């Protein structure tokens, strides 16, 4: 069983990509994590910021499956699934010993299954001497009183030593044991981390911030980008969204624009470094003013300014209203759609409502972006 890390809140779109890629090899169905761990059927399970995948080796060899999973555009990391520790009560005191006891209850069979996958992908030079370290990430919006990430690492490390007998070595380690703390604790063995790091980015890029390529790709799936669509990001920054749209779908006409000249220049360099087969162009424009021929755009996707670094919150209202007027004009009546990422949902909803005769919000998807609780608004252009 493989453990895929993705963006919290958008797991189902990652699962759709997994199912699409595995369709020639196996028919995977949606089920629970516990059902996958205790059964023998192929399947996909969703968990907070993760997708668990199980496919029989007679359908596809393990290493081939691993390579497919590492090539998925919506995935940040790939690991071998061990277990989920349930029953953690948030906002109540939980000590390290309690957590360690919960992890100790994990069946040795589950550890052995994950170790077999890890050793098949990363064979050790000296099989008899296994060293490990523990790393832990957590959902910043939830907390366990009295238990911080270092405490989770200690509890998990103690359980590994007691259950398997590995030796701790935080520098020269064979296995990276990872814990993902959310509503419960997901445990896995890391196989490949930061898969999307640097994707679509030129070494010469000087811009300070950049949307994760995996999240940019997920936004294209949320917006249902189809081959032949004209896709526009009116506030493109370094061009991550147009580049991912061009990489993911053949024959897409991707266009990005920004009011910052340096960002547009970096976006052009990033696109050239990717050697794209689909056309991508970047333009210096103001996204709050009409920026393209009316009714010529199929999809608008954008990561909107949050107001933390470059603006004050009260200035976002004017910016969002101008942007929605531009998007309303650009989208094709009756079929145009937009997927907009923001942490200021109420301000964006208020801007959309000013054009309610032509724009309609059809979905609102909460997600996590760099520790911020954000939302993706999916908007359709009415006739």
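Residue numbers (my numbering): 2 to 384.
For glycine and all other residues, C-beta sits at the position ideal for the given N, C-alpha and C.
In this text, all values refer to a predicted model and were calculated from it rather than measured experimentally.
Bridge-paired residues (DSSP) for residue i
{"i": "residue 1", "result": "The shown model of the chain, from 2 to 384, leaves out residue 1, and the question about it has no answer."}
{"i": "residue 82", "result": "189"}
{"i": "residue 26", "result": "Per DSSP, none; premise fails for residue 26."}
{"i": "residue 340", "result": "302, 379"}
{"i": "residue 200", "result": "None, per the DSSP bridge assignment."}
{"i": "residue 152", "result": "Looking at the DSSP assignment, residue 152 forms no beta bridge with any residue, so it has no partner."}
{"i": "residue 3", "result": "54, 81"}
{"i": "residue 107", "result": "BP columns for residue 107 are empty, so no partner."}
{"i": "residue 168", "result": "132"}
Local Cβ density within 10 Å of residue i, reported as buried at 16 or more and exposed below that
{"i": "residue 2", "result": "buried"}
{"i": "residue 372", "result": "exposed"}
{"i": "residue 35", "result": "exposed"}
{"i": "residue 74", "result": "buried"}
{"i": "residue 358", "result": "exposed"}
{"i": "residue 1", "result": "This structure cannot settle anything about residue 1, because the visible part of the chain is limited to 2 through 384."}
{"i": "residue 12", "result": "buried"}
{"i": "residue 130", "result": "exposed"}
{"i": "residue 349", "result": "buried"}
{"i": "residue 311", "result": "With a pLDDT of only 49 at residue 311, under 50, the local geometry of the prediction cannot be trusted, and the value read off the model is given with reservation. Result: exposed."}
{"i": "residue 1", "result": "Residue 1 lies beyond the residue range present for the chain, which begins at 2 and ends at 384; the question has no answer from this structure."}
{"i": "residue 87", "result": "exposed"}
{"i": "residue 54", "result": "buried"}
{"i": "residue 280", "result": "exposed"}
C-beta atoms of residue i and residue j nearer than 8 Å
{"i": "residue 76", "j": "residue 215", "result": "yes"}
{"i": "residue 193", "j": "residue 79", "result": "yes"}
{"i": "residue 56", "j": "residue 43", "result": "yes"}
{"i": "residue 163", "j": "residue 340", "result": "no"}
{"i": "residue 81", "j": "residue 119", "result": "yes"}
{"i": "residue 150", "j": "residue 171", "result": "no"}
{"i": "residue 197", "j": "residue 242", "result": "no"}
{"i": "residue 331", "j": "residue 297", "result": "yes"}
{"i": "residue 69", "j": "residue 22", "result": "yes"}
Best match in the options for proximity to residue i [C-alpha to C-alpha]
{"i": "residue 276", "options": "61, 181, 200", "result": "200"}
{"i": "residue 353", "options": "322, 330, 375, 55", "result": "322"}
{"i": "residue 111", "options": "121, 83, 123", "result": "83"}
{"i": "residue 334", "options": "135, 295, 282, 355", "result": "295"}
{"i": "residue 41", "options": "107, 137, 59", "result": "59"}
{"i": "residue 375", "options": "355, 356, 328, 342", "result": "342"}
- Message: Three or more C-beta pairs under 8 Å: does that hold for the stretch 234 to 254 against the stretch 352 to 366?
- Response: no
- Cβ contact (3+ pairs, closer than 8 Å) linking the stretch 214 to 222 and the stretch 282 to 289: no
- Message: Would you call the stretch 260 to 270 in contact with the stretch 228 to 240, where contact means no fewer than 3 C-beta pairs closer than 8 Å?
- Response: yes
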